[in-house]
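Reading through the structure tokens given below for one structure.
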Amino acid sequence: MAFIIDGKKVSAQIREQIAADTQKLLAETGVCPGLAVVIVGEDPASKVYVKNKKKGCGQVGFYSEEYALPEQTSQEELLALLDRLNADSKIHGILVQLPLPRHLDEKTVIERILPAKDVDAFHASNVGKIMIGDYDFLPCTPAGVMELLRSEKISAQGKECVVVGRSNIVGKPMAMLLLHENGTVTIAHSKTKNLAEVTRRADILVSAVGRAKFITADMVKPGAVVIDVGMNRDEQGKLCGDVDFALVEPVASYLTPVPGGVGPMTISMLLKNTLTSAQKAAKKG
Ligand code: NDP
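Its first residue numbered 729, the sequence shown is counted upward by one per residue in my numbering.
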């Protein structure tokens, strides 16, 4: 029977620390961390994420601004808003909720955010820094996974780590962080042959695919640590991860639930990055 890692609990502890550090920063320098969240269009899932991010800011005492722009917003209008936020000293973190409507160019938009305010760590300059292991921010979801492992004193050192999924926002940086922790890392994707054979090698298995019940018991080595990044809907429309929880739970040693696993950690890491950015800005004066 797997130990279920409680992402809500770990996340609450991290937010308590962020709230305390925010008070300290405010008392010592007068700087209050500020996060601007920009959403374009009406995607219901994105709206939920934005609501949770705003709530998270309130919990830790941040200043926050939310820009809900209409679907037909032009690229020029969006870039002009980002330029304004880049120049605004009250704002230390800027997040543009993805995906954007199809007529907007995601790459151009991400590259317009100042790297120092890119608290998602999606800007090419921040991605490059992560690659060489000398970074200011880590991408929120992979950083959240590493915090969950740390919370249970699970080390990746010398372990076989398999990450399923190779997106720029989850899979690739996840693999890089496990590598920084001295794991022996394999990245699997849709063209991987004999996937179950690959995943069965894993001491630490991270799934970031986006398909319900994708990771089944026969894909998991007995005693493996299984981290479920997926956020999907099952046949009943209920939120679920990539892992077939009921079947994998008896096989794994540790398992993260969905909801209540990686999800809450992602927002906590976003808050942490915003605090880091504010602390750096306060130092510069
Ligand atoms: P993407 O769709 O960008 O990437 C999915 C990856 O899964 C791709 O690399 C793809 O391979 C791979 N894949 C798809 N089918 C298979 C298959 N049959 N076998 C092996 N690999 C496969 O998704 P994201 O990385 O953005 O997100 C992944 C999941 O994580 C989603 O459910 C998303 O909702 C969730 N998520 C959760 C977050 C959280 O806070 N908990 C935050 C961000 C995402 P290929 O590259 O070959 O196409």
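We treat Cβ as the ideally placed atom computed from N, Cα and C, and that holds for glycine.
How is the beta strand (DSSP E) around residue i delimited, first residue to last?
i	result
L797	791–797
C889	888–892
A764	762–768
L933	932–935
I838	Taken as a continuous stretch (DSSP letters only), I838 belongs to no beta strand (DSSP E), being part of the alpha helix (DSSP H) at 834–840.
V976	That residue, V976, is in no beta strand (DSSP E); its alpha helix (DSSP H) goes 973–976.
I915	912–916
Pop quiz: residue i and residue j are said to be a contact at Cβ under 8 Å. What is the actual Cβ separation, rounded to whole angstroms?
i	j	result
E839	A852	7 Å
K723	I822	No answer is possible for residue 723: the residues shown for the chain start at 729 and end at 1013.
G886	N854	Going by Cβ atoms, the distance from G886 to N854 rounds to 28 Å, so no, they are not a contact pair.
A957	L933	The displayed chain sequence assigns Val, not Ala, to residue 957. Contact flag wrong, Cβ pair sits at about 11 Å.
G735	L876	6 Å
V913	A924	About 18 Å; that fails the 8 Å criterion.
K752	L998	No, K752 and L998 are not in contact; Cβ-Cβ is about 20 Å, not under 8 Å.
Indicate whether residue i and residue j have their beta-carbon atoms separated by less than 9 Å.
i	j	result
L809	Y795	yes
G769	L797	yes
T994	T869	yes
A930	K949	yes
S739	F865	no
A730	A980	yes
P843	S774	no
I732	L1003	no
P772	E799	no
T927	M947	yes
F942	V971	yes
Q803	D833	yes
A1009	E756	no
V824	V990	no
Of all the options the options, which has the alpha carbon lying nearest to the alpha carbon of residue i?
i	options	result
P901	I858, H917, I932, D816	I858
A952	I882, P867, E799	I882
R961	V954, A980, L876, R939	R939
A763	V837, Q751, D833, C785	Inspection of the sequence shows that residue 763 is occupied by Leu rather than by Ala. Nearest C-alpha to L763: C785.
K1000	S918, D816, A871	A871
I819	H831, K783, V766	V766
V890	N896, A916, V873	A916
T944	T920, G969, G965	G969
N814	P761, I841, E888, D749	I841
Which first and last residues belong to the alpha helix (DSSP H) in which residue i is found?
i	result
G872	868–879
I811	Contrary to the premise, residue 811 reads as Asp rather than Ile in this sequence. 803–815 is the span of the alpha helix (DSSP H), which, as asked, contains D811.
I858	852–860
L907	899–908
G821	That residue, G821, is in no alpha helix (DSSP H); its beta strand (DSSP E) goes 821–824.
D749	735–757
I773	Ile is not the amino acid found at residue 773; the sequence shown has Ala there. Segment 772–788, the alpha helix (DSSP H) holding A773.
I882	Where I882 is concerned, there is no enclosing alpha helix (DSSP H), given that its DSSP letter is neither H nor E.
A1006	990–1012
A924	923–927
Near the ligand NDP, which residues have their beta-carbon less than 5 Å from any of its heavy atoms, given in chain order? Spelled out in chain order, the answer is T869, G893, R894, S895, V898, H917, S918, A936, V937, G938, V957, G958, M959, V990, G991, T994.
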